[in-house]
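Participant:
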Amino acid sequence: MNAVIALENGIWYQGTAAGAAGVVAGEVVFNTSMTGYQEILTDPSYAGQIVTMTCPQIGNYGVAAEDTESGRPQVAGFIVREASPIASNWRATGTLRDYLVEHGIVAIAGIDTRALTRVLRNAGVMRGVIATGAVEPEELVSQALSVKPMEGSDLVSTVTCAEPFDWPVISDKGACEALEPDAFRLPPERHSDRLLRVAAYDLGLKRNILRRFSAYGCQVRVFPATTPAKDLLATKPDGVFLSNGPGDPAPLDYAVANTREVLQAGVPVFGICLGHQVLARAFGGTTYKLKFGHRGANHPVKQLSTGQVEITSQNHGFAVDPESLPDDVEVTHLNLYDGTVEGLRHKQQAAFSVQYHPEASPGPHDADYLFSKFLEEMVRRSR
Amino acid sequence: MPRRTDISRILVVGSGPIVIGQACEFDYSGTQACKALRAEGLEVVLVNSNPATIMTDPEVADRTYVEPLTWEVLRSVIEVERPDALLPTVGGQTALNLAVELDANGVLEEFGVSLIGASIDAIMVAEDRLKFREAMQSIDVDVPESSYAKSLDEALKVVERLGFPAIIRPSFTLGGVGGGIAYNIEELREVVTRGIELSPVHEILIEESVIGWKEFELEVMRDGVDNFVVVCSIENIDPMGVHTGDSITVAPALTLTDKEYQRMRDVARRIIRRVGVETGGSNIQFAVNPTDGRMVAIEMNPRVSRSSALASKATGFPIAKIAAKLALGYRLDEIPNDITRLTPASFEPTIDYVVVKVPRWTFEKFPQADCTLMTQMKSVGEAMAIGRTFKEAFLKGIRSLDIGKSGQLLRQEGTDHDDAKLQRQLIVPTHRRMFSLFEALRRGWSIDQVHELTQIDRWFIAQFADIVELQKSASLVGAREISANLMETLKKTGFGHEELGEALGVDPMVIDSRCREFGLKRVYKRIDTCAAEFESFTPYLYGTYEQECESAPTSVDKVVILGSGPNRIGQGIEFDYCCCHAAFALKEAGLETIMVNCNPETVSTDYDSVDRLYFEPLTLEDVSAVIETERAAGGNVSCIVQFGGQTPLKLALGLQQTGVTILGTPPDSIDLAEDRKRFASLLWELGIPQAPSGVATSRQEAREVASGISYPLVVRPSYVLGGRAMAIVYDAAALDRYMTEAVDASPEHPVLIDKFLEDAFELDVDAVADSTGAVVIGGVMEHIEEAGIHSGDSSCVVPPYLVPENHLVTIRDYTRRVARALKVVGLVNAQFAIKDDTVYVLEVNPRASRTVPYLSKATGVPLAKVAAQVMAGKTLAGMGLIDDLEVSGVFVKAPVFPFVRFPGVDTILGPEMKSTGEVMGGAATFGSAYAKAQLAAGQRLPNKGTAFISVNNDDKANVVPIARDLAGLGFSLLATHGTAAYLRAHGLDIEPVYKVNEGRPHIADRLLSREIDLVVNTPLGRESFFDDRTLRRIATMLGVPCVTTLTGAAATVSAIRSLRDEELGVRPLQEYHASLTS
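As they're listed, the protein sequences go chains Z and B. Residues are numbered in the numbering used here as their position in the first sequence, beginning at 1, plus a constant of 632. To convert, note that position 751 of the second sequence is 734 in the numbering used here; the numbers rise steadily by one, no gaps.
(1) Mapping DSSP to helix, strand and coil, what is T944/Z?
(2) Can you tell me whether R1043/B is buried or exposed? The criterion is at least 16 other CB atoms within 10 Å of its CB, across all chains shown.
(3) Under the three-state reduction of DSSP, which class applies to C850/Z: helix, strand or coil?
(4) Does chain B have any CB closer than 8 Å to the CB of T664/Z?
(5) DSSP three-state label for F915/Z, please.
(6) Are three or more beta carbon pairs between the stretch 440 to 458 of chain B and the stretch 483 to 495 of chain B nearer than 8 Å?
(7) Over what stretch of residues does the beta strand (DSSP E) that includes S621/B continue unbroken?
(8) Considering T238/B, what are the terminal residues of the alpha helix (DSSP H) in which it resides?
(9) According to DSSP, L639/Z sits in a beta bridge with which residue or residues?
(10) Apart from the five residues on each side of it in sequence, which residues of its chain come closer than 7 Å, Cβ to Cβ, to P881/Z?
(11) With a 10 Å radius around its C-beta and 16 neighbouring C-beta atoms as the bar for buried, classify Q946/Z as buried or exposed.
(12) Could you pull the start and end residues of the beta strand (DSSP E) that I577/B belongs to?
(13) In whole angstroms, what is the alpha-carbon distance linking L728/Z and P705/Z?
(14) CB-CB under 8 Å to A376/B, same chain, minus the five flanking residues each way: which ones, in chain order?
(15) Where F958/Z and G917/Z are concerned, what is the direct C-alpha to C-alpha distance, given to the nearest angstrom?
(16) On the criterion of 16 or more Cβ atoms from any shown chain inside 10 Å, does S778/B qualify as buried, or is it exposed?
(17) Say whether chain Z places a C-beta atom closer than 8 Å to the C-beta of E1006/B.
(18) Using only the alpha-carbon positions, how far apart do D937/B and L696/B sit?
(19) If we define contact as Cβ-Cβ less than 8 Å, is G928/Z a contact residue for chain B?
(20) Here's the rule: buried if 16 or more other CB atoms are within 10 angstroms of the residue's CB, otherwise exposed. What is M278/B?
(21) Are the beta-carbon atoms belonging to T333/B and T686/Z less than 8 Å from one another?
(22) For chain Z, check one thing: does any of its Cβ atoms lie closer than 8 Å to the Cβ of S(-2)/B?
(23) For K242/B, count the other beta carbons within 10 Å of its own beta carbon; 16 or more makes it buried, fewer makes it exposed. Which is it?
(24) Taking contact to mean 3 or more Cβ pairs, one atom from each stretch, closer than 8 Å, check whether the stretch 527 to 542 of chain B and the stretch 616 to 623 of chain B are in contact.
(25) Would you give the residue range spanned by the beta strand (DSSP E) that L997/B belongs to?
(26) Going by other Cβ atoms of all chains shown within 10 Å of its Cβ, with 16 needed for buried, is N468/B buried or exposed?
(27) Per DSSP, what kind of secondary structure is T1062/B in: helix, strand or coil?
(28) Which value, in whole angstroms, describes the spacing of the CA atoms of F710/Z and I740/Z?
(29) I need the DSSP call for Q454/B, collapsed to helix, strand or coil.
(30) Less than 7 Å between the CB of T745/Z and some heavy atom of the ligand MN, yes or no?
(31) Along the chain, where does the beta strand (DSSP E) containing S130/B start, and where does it finish?
(32) Can you tell me where the beta strand (DSSP E) with P975/B in it begins and where it stops?
(33) Under 7 Å Cβ to Cβ from D10/B, same chain only, skipping five residues before and after it: list those, please.
(34) When you check each C-beta in the stretch 685 to 701 of chain Z against every C-beta of chain B, which residues fall closer than 8 Å?
(35) Look at the Cβ atom of E186/B, then the Cβ atom of K133/B, and state whether they are nearer than 8 Å.
(36) Counting only the same chain and skipping the five closest in sequence on each side, list residues whose C-beta sits under 6 Å from that of D125/B.
Quick look at the structure:
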């Protein structure tokens, strides 16, 4: 079946449908990771976005339940150069195409994804529409122009959990092993002989964050994004975690206010991605939109205290303005590609965050030490 | 972290001659490393015995020693040069082994040389399988079960535990030499015995079989502060059991989930840390069980490798260059990425295309060789292809092999073999398995069925099935009815015009015009390390069928240089050397240079070597498309075809027909020189003698030609390089056999027949001629072996040492006259024979020859570069080149053979070229230069001991002085009864020995019990039932020098004399050359 992806700047590409039939709109972005398409599809941070994979062969190893980062695919649409007709892996339970169709994800294949990527790199990410069947590309362009821009939209409300829930811990062996098929292999260092309690704000939480907390011996209670801070603090957590999530942090006043309250309570705070941006705003900083964002699994990030470079998993379109940060907040990590802020910490308080994804999935495990660091902070405070 | 300041002079060790398992990838990495080190202001001292390399160009290092790669020679160099450090990681296994030997012999300590790039400990852990295994277990990394054995008994015990099949790997051998797989006791006996023999420490490892598991490689780098990156992942399409050098491989890995891949990455990081590679690159191999994901580490190479060269070309990340900088103390984040300029090297390249590497074998040269692919590498070269999809890259890769019609996967082969036979062909991997796989798919075998038989991942088989399906639909529709849509799909899938022409039964030109009608045009995409996330500043391009073209050609005048494609016997690194020099010269002349080539191992495909690089197959279709794109921007586009060997030459006429200007010698002259009839009449006009010759297109014609010439004859097909299918025939029956069995003669492909000049001296000349008719002779090279042995397999020497001056004058004169008559502009190579005091022209080739780099190193004048300048319009006089070139000293070139890898193959030399590479020895005397060349070729000549002599009747008279000399040098002599009687009659004291079938102990026994140090054996041929082939094989396997020609024996004697009388000193090229100009 025919399919078209049209961009707001009037450029469109014709290809073939590779998922469900229909019309979808969203912000068109590109991801340069060569593996982990299923993790990307199911990452709630991609809500509202049409994701282009720059790697041309997608779907080769099919799909498997263990490789999901949330209950379902979260992307608005999906663009690939060539989709695999078969699934070849011992863990695979089906093909990518069937998975996309089953979950109603509209996808397009067979277009010049590199040309599209270059458009996005040069002009910045933009709105677009994928439609399948007999379509008028010009019409799709005007549809793209009417898509609500990402800036200023609260997308968190579309992906956060409805009710609080607890994530199992490592002692619950059977349950955990099924969810974590040998993902890291490296047994993490434990820091405490008791289970540490983490209260997590779900702004669009990736499951692998929970799996890592479990592996480190933490008990996590996950709360909806709008849960008042006092409700969290009432559970007496050893630390509070601010999760990743989609879209612009600017409209998330409730999250910023809750974070400030948590900070005032002196509970250690750790933020990832959107959680990092929320923490920065809670500190009084500002955020801005990047031209085409960072999405991939190969970005070098330098830890300023050690000079060490980590290869990181990235997925964000907004960043923290380092000039806006107060004096008692320092930048701890920088992106070596473009010098943007990748991590920060409060000089006095146990509160730190990173823009990238130490939980990986997909991507390298270089930054896993950050979980350990959070544990240290929690242990120190609980003594 | 700034670079180390305690190093100012650094010794770089190259990898020596091209052999199977170690090819031009080490010229690429070594050259990169030298350039990077010198850019840092360091003085570089280089040792490499291979003259056919860019790295041994005197400009690349400060001091260049083309000397044998032994620790003793390196010690001499170290003694003279006193380097602060040694970089052993860019010269392959050879350089690593030398570093270990230098350390073991206390040389590094004695002269205070520090090792950089890899420590001895790291090398030992990575190279010693037991230590590696222990190291892996200490960091909880899974490895296949294994045990060592030093004897057959021990081996049997191990196999009782591990079971069959058993993998046998000898310790410390290159490229898995002597390894193998045993499925039963018999095979075990054979492989174990051979392996123990070949291992320098007489030890083998027996491993649990992981045959059929998926095989992966990671190319990783680490800096001094433990920053770590994976440059590239590579997946082997052929599963475990086939050496990675013999596997079709693909980058990036295509069938790993992120979970599996990241686990592999984590383990790789732990391995490089544990092994202790502090700065530099490593290659780590893994096997993954396809049924449960169990992953085991197989091996680790703490150095740059063939795979790292591939990874560099596949991603645009120059591993060797970065490794050199890391060794100096830089950190990854302090080194910029050349391609994006704005981002650092501390990242992991991501690619938005697919790269496929296809090995190139030359089993046709070794008909007796076993072509089963196993753990020991057998291919001699490789082609790499890049496409937007796997299918496109794969089809381009097959097309890049340049193996003619037999390379067409999609060709309907005769259905002469039944399903059972096909099934066997799928089970046992050989160089033709992929062709059988396609045949199976054509027969409709299912993906699962083919997977069961080959163990190749289903994903790849599904891709192949797609290709077969598409071809079927194209054949059904036909060229006339084909739709624009289908044609677009076919071209996007990677089908070449020729393959489509074959499938549709039309000329490729018809496909071309259909594509034009449909407006289908090739576009070019950039290789940028980052999947377009950042702008790329290097025009490193590949062709595909997509929407957007990024080639951005300029409007200036430019020259397209056509490379030589995958390495093969007869067309190897020498031609890449020439192509690079053409590029350097034209760049200096202010022209824009464009390279088209598909060999990932080479310097020519380094994006640094030229202004614009197109990584494309060397076919008329692909090259024309490049030229068309470059032309579109304006500016004059001309093309150089004479530097890349036969591959680009074949394209010359086709390109000229499309209106491309061919620089230098006109293609018509190339044709004139190749066309026997035209060439013979030219020589006739010039009054230059030529051995009687003729041309035949059928058996009958051949007989007629033969009767006019008289036997023996040299016969060969036209337009081949490396003496492919060339033979000497002594009678009509042999000629008939040749015409019917060996070649497929036809009017388009006639067979050339020449009178064979027996026992003649043979000489080679390389010269440069310009458009004014000036000719400068680069050198006259005298072959050590007599006529009848391919010039590529013959040792040779400049200046000539036996040929009288009057003949040399004649040879120079003939060369000039023929060059002028052929209107040569650029290089010309001429071969001569001297018999009965007459100089005959054997052949003249108006193109770069295999000896150009060797001669350039000997004379200090870069002939290929000069030739390119001449082709660009300069005159020789304008460059100050008026007189013929001279050498100071004596330089011997010696070939290196792959016999040790092909058990069962006769080591006898003949008109068909068999050597894979060459070395050069330079000295003040012939004897020393020859001894050095032999040593460099891996042949340590004895200076005392026992020599065994066995020659055919014709040679008996001439072997007397040789035997006498050997006796005079103190050798005890041993000979077969016939030879012994003859020599005794001439007053020599000689011990007779039984032939193999005469009694015991026979000669093979004596050889095996290491009682013989030198073998002189000229082939007995049909004269004898004695199997002297076996004898030569045993000598080769044991490493006992075995000389098969009398001239070679004479040279050996003078070398032995020099070894006893002279000190083998070392001297850099720069000094040789300086003594010429002063």
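Glycine included, each C-beta is placed from N, C-alpha and C at the ideal position. For clarity, every value in this text was computed on a predicted model and none was experimentally measured.
Facilitator: On the basis of the data shown:
(1) strand
(2) exposed
(3) strand
(4) yes
(5) coil
(6) yes
(7) V620 to I623
(8) It is not in any alpha helix (DSSP H) - T238/B carries neither H nor E in the DSSP assignment.
(9) G760/Z
(10) L906, Q909, V910, R913, T919 and F950
(11) buried
(12) E575 to N580
(13) 11 Å
(14) V233, Y336, V337, V338, V339, A368, I369, G370 and G477
(15) According to the sequence provided, residue 958/Z is Pro. The question's Phe does not apply to it. If you take the alpha carbons of P958/Z and G917/Z, they lie about 7 Å apart.
(16) buried
(17) Annotation note: pLDDT 41 at E1006/B (below 50); position unreliable, no value reported.
(18) 18 Å
(19) yes
(20) buried
(21) yes
(22) no
(23) buried
(24) yes
(25) L997 to N1000
(26) exposed
(27) Nothing about residue 1062/B can be reported from this structure: the residues present for chain B run from -16 to 1061 only.
(28) 6 Å
(29) helix
(30) Among the components modelled here there is no ligand, and therefore nothing to report on the ligand MN.
(31) S129 to A132
(32) E974 to V976
(33) T36, I37, M38, I556 and V586
(34) T686, C687, P688, Q689, N692, Y693, A696, E698 and D699
(35) yes
(36) V279
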